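A.B. asks: In full-length UniProt numbering, the protein residues as written are 329 to 560.
Sharing a structure, written as C-alpha cells. Questions coming.
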Ligand code: ATP
Ligand code: MG
C-alpha cells in the first residue's frame, strides 16, 4: 500500500478517458498537471464533465483509460482511507446520515474536540444554526438532510471538509445555493483553506474564480483551454 507525502499534494491526469456506460464517453483523453499548492479553476457548460473529473479523483468511479496520480501515486494503488483522509470534496448535493450533528461533521474522527468543531462552525457562519438546535452537537439529524436548507447544507459540507484538514480540496460549485451575503462570508474561509492545500474549484462562470492560479475549460469532455489565469 502506498502512502502520500505530507503537505499539499500534486495532481495529474495522464490520458484519462471515462464513460458511465460503454456507449457514452464523458471524458476524452484528458491530461493536465497541478503542482502542490496550485489552485485550478475548472469551468465549462453543463454536462461538459467537470463533476466527473472530481468523482474520478475520489475513486467513486474508475477511468477506462489513462492514469490519475495524487502526490505522485497512481490512485488505484492508494487505500481508500489514505485517499479520504487527505482529499476533501464539497459537492453539489450533500450527503448526511442518520446520526448526531457531531458525527455528521467529524465523520467519527475522535480526535476532533467540540471546541474545535464549534470554532470552525463559527468561522463558517453555521454556529447560530447549531446553537438553535435542541441538543447542540448531540442533536440528531435525519438522513438526507431534510432538516437543512440548501444553503445550510452547503455550509455544513464545507465545515466537514474544513475539519478534515485536507491536502487536496475539490469544491464543486460550493456557493451555488447561497445568498450573496453568505457567499461573501464564505469566500474568506474558502480562501484560507485554499491557501494551505492544492485546490480544484469547479464553477459555471469565470467571474467566481478570483483566487485560482490556472484555469481549465472543458468542452464536451475535452480540454478546450488550459493556462494561467492571466493568460485566459
Ligand atoms: P454541471 O455543470 O451541470 O454540473 P458537469 O460538467 O459537472 O455539469 P458531469 O456531471 O461531469 O457534468 O456530466 C458529464 C456527462 O456525464 C453528462 O452528459 C451527464 O449526463 C453524464 N453523467 C453524469 N453523471 C452520470 C451518471 N451517474 N450516469 C450516467 N451519466 C452521467
Ligand atoms: Mg457538475
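Heads up, the beta-carbon is just placed ideally off N, CA and C, and yes, glycines get one too.
Just so it is clear, the structure is predicted and the values come from calculations on it, not from any experiment.
Taking only three categories from DSSP, how would you classify residue 357?
C.D. replies: Translated into the one-based positions of the chain shown, residue 357 becomes position 29. Residue state, collapsed to three classes: strand.
A.B. asks: Taking only the alpha-carbon atoms, compute the straight-line gap between residue 377 and residue 547 and give it to the nearest angstrom.
C.D. replies: In the chain shown, the residue the question calls residue 377 occupies position 49. In the chain shown, the residue the question calls residue 547 occupies position 219. Cα to Cα, residue 377 sits roughly 8 Å from residue 547.
A.B. asks: Where do the ends of the beta strand (DSSP E) carrying residue 378 lie?
C.D. replies: In the chain shown, residue 378 corresponds to position 50, counting from 1. Careful: residue 378 lies outside any beta strand (DSSP E), inside the alpha helix (DSSP H) at 378-385.
A.B. asks: Report yes if the C-beta distance between residue 382 and residue 530 is below 8 Å; otherwise report no.
C.D. replies: Within the chain shown, numbered from 1, the residue matching residue 382 stands at position 54. Within the chain shown, numbered from 1, the residue matching residue 530 stands at position 202. It is a contact, given that the beta carbons lie within the stated cut-off.
A.B. asks: Which value, in whole angstroms, describes the spacing of the CA atoms of residue 402 and residue 391?
C.D. replies: Translated into positions along the chain shown, residue 402 becomes position 74. Translated into positions along the chain shown, residue 391 becomes position 63. For residue 402 and residue 391, the distance between alpha carbons rounds to 12 Å.
A.B. asks: Which ranges would you report for the alpha helix (DSSP H) in the stretch 370-445 if only whole runs of at least 4 residues count?
C.D. replies: You should have 378-385, 408-414, 429-434.
A.B. asks: Count the other CB atoms within 10 Å of the CB of residue 485; is the residue buried (16 or more) or exposed (fewer)?
C.D. replies: In the chain shown, counting from the first residue as 1, residue 485 sits at position 157. With 16 or more Cβ atoms within 10 Å of its Cβ, residue 485 is classed as buried.
A.B. asks: Give, in chain order, every unbroken run of the alpha helix (DSSP H) that is at least 4 residues long and sits entirely within the stretch 502-556.
C.D. replies: List check, alpha helix (DSSP H) in window: 508-523.
A.B. asks: Does the stretch 342-349 come close enough to the stretch 490-498 that 3 or more CB-CB pairs lie under 8 Å?
C.D. replies: No, the stretch 490-498 does not touch the stretch 342-349.
A.B. asks: Comparing C-alpha positions only, which one of 464, 385, 424 sits nearest to residue 408?
C.D. replies: Your numbering for residue 408 matches position 80 in the chain shown. Checking every option, the nearest Cα to that of residue 408 belongs to 385.
A.B. asks: State yes or no: is the C-beta of residue 339 within less than 8 Å of the C-beta of residue 398?
C.D. replies: Counting from one through the chain shown, the residue named residue 339 turns up at place 11. Counting from one through the chain shown, the residue named residue 398 turns up at place 70. Cβ distance < 8 Å, so residue 339 and residue 398 count as in contact.
A.B. asks: With a threshold of 7 Å (Cβ to nearest heavy atom), would residue 357 be considered close to the ligand MG?
C.D. replies: Numbered from 1 along the chain shown, position 29 holds the residue referred to as residue 357. Checking every heavy atom of the ligand MG against the Cβ of residue 357, none is found closer than 7 Å.
A.B. asks: Roughly how many angstroms separate the alpha carbons of residue 506 and residue 465, rounded to a whole number?
C.D. replies: What you label residue 506 is simply residue 178 of the chain shown in a count that begins at 1. What you label residue 465 is simply residue 137 of the chain shown in a count that begins at 1. Their backbone Cα atoms lie some 23 Å apart in a straight line.
A.B. asks: Could you tell me the distance, in whole angstroms, from the CA atom of residue 415 to the CA atom of residue 550?
C.D. replies: Counting from one through the chain shown, the residue named residue 415 turns up at place 87. Counting from one through the chain shown, the residue named residue 550 turns up at place 222. So the alpha carbons of these two residues sit roughly 24 Å apart.
A.B. asks: Just tell me which of 366, 358, 333, 359 has its CA closest to the CA of residue 523.
C.D. replies: Start at 1 with the first residue of the chain shown, and residue 523 comes out as number 195. If we check each option's Cα against that of residue 523, 366 comes out closest.
A.B. asks: Could you pull the DSSP bridge partners for residue 497 from this structure?
C.D. replies: Start at 1 with the first residue of the chain shown, and residue 497 comes out as number 169. Per DSSP, 416, 527.
A.B. asks: If you measure from each residue's Cβ to the nearest non-hydrogen atom of the ligand ATP, which ones come out under 5 Å, in chain order?
C.D. replies: Output, sorted by chain position: 348, 354, 374, 375, 376, 377, 378, 379, 380.
A.B. asks: How would you write the range of the beta strand (DSSP E) that residue 480 sits in, first residue to last?
C.D. replies: Counting from 1 along the chain shown, the entry for residue 480 is found at position 152. Here residue 480 belongs to no beta strand (DSSP E); instead the alpha helix (DSSP H) covers 478-492.
A.B. asks: Work out the CA separation of residue 459 and residue 559 for me, nearest whole Å.
C.D. replies: Against the chain shown, residue 559 aligns to sequence position 231. Against the chain shown, residue 459 aligns to sequence position 131. Roughly 46 Å between the two C-alpha positions.
A.B. asks: Could you please give me the residues that DSSP links to residue 455 through a beta bridge?
C.D. replies: By one-based count along the chain shown, residue 455 stands at place 127. Partner(s): none; residue 455 has no beta bridge.
A.B. asks: State yes or no: is the C-beta of residue 362 within less than 8 Å of the C-beta of residue 355?
C.D. replies: The sequence position of residue 362 within the chain shown is 34, counting from 1. The sequence position of residue 355 within the chain shown is 27, counting from 1. Contact: no.
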